[in-house]
Amino acid sequence: MRKSFARRLALIVLLPAAFFGTVVVASPAQAAPTTTQMQSDVVYWTNQNRVKAGCAKVRLDANLARSARNHSAWMVKTGKFSHVGASGSSFVTRAQRAGYTSAKSENIAWGYRTGAEVVSAWMKSPGHRANIVDCTAKAQGVGVSYSANGTPFITQEFGTK
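When you line the sequence shown up against this note's numbering, it's residues 1089 to 1249, in that order.
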């Protein structure tokens, strides 16, 4: 479905070139996705990889997403890239503060330009992959925050309820 949509979009973009001359289209490296698009893509690709591994898709949980967004924003604000957050917090304490009581694991990343890229990188890392394909996880939350220079910081949290 995504491929056919991309092809149609490319055709729509290229048709004006036939009538008006050259059309310049930004490449993915030049045009970072919006925060919402990046978060949605991480959720999508995570679930695709879970299904391939024989796990059920995980639902998006608003409280886990709030916790993940807050942690990504904290990393951008402080310039720190760490699972340890504000005041020494862990993903469990951050999730609890956001109203989620069954946090299981967390993945973080920075610098990847698309959701597909970050999930692909996580799948090549044994610890991150284990979090993604842990079939006991039932929910996820994803948060993306961009630094002033456009670098994305991504947090993904999983829970069991």
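Note that the Cβ used here is the ideal one computed from N, Cα and C, for glycine as well.
Taking residue 1141 and residue 1229 to be in contact with their CB atoms under 8 Å, please state how far apart those CB atoms are, rounded to whole angstroms. In fact, because the Cβ distance is near 20 Å, the residues do not count as touching under 8 Å.
Could you please give the first and the last residue of the uninterrupted alpha helix (DSSP H) stretch that includes residue 1135? 1123 to 1140
Who does residue 1198 pair with in a DSSP beta bridge? 1241
Exposure of residue 1247, with buried meaning 16 or more beta-carbon neighbours within 10 Å: buried
Which residues mark the beginning and the end of the alpha helix (DSSP H) in which residue 1209 is found? 1203 to 1211
I need the boundaries of the beta strand (DSSP E) containing residue 1150, first residue and last residue. Note, residue 1150: premise wrong, no beta strand (DSSP E); alpha helix (DSSP H) at 1150 to 1166.
Could you spell out where the alpha helix (DSSP H) holding residue 1183 opens and where it closes? 1179 to 1185
So, helix, strand or coil for residue 1193, using DSSP? strand
Under 8 Å by Cβ, that's how I've got residue 1240 and residue 1126 pegged, so tell me the actual separation to the nearest angstrom. 6 Å
Roughly how many angstroms lie between the CA atoms of residue 1192 and residue 1158, to the nearest whole one? 17 Å
Does residue 1186 pass the burial test, meaning 16 or more other C-beta atoms within 10 Å, or should it be called exposed? buried
From 1188, 1182 and 1207, residue whose alpha carbon lies closest to that of residue 1227: 1188
Residue span of the beta strand (DSSP E) that contains residue 1231, given as start and end: 1227 to 1234
Would you mind sorting residue 1170 into buried or exposed? The rule is 16 or more other CB atoms within 10 Å of its CB. exposed
DSSP-derived helix/strand/coil call for residue 1173: coil
Sorted by chain position, which residues of the same chain lie with C-beta nearer than 6 Å to residue 1197's C-beta, five sequence neighbours on each side aside? 1206 and 1242
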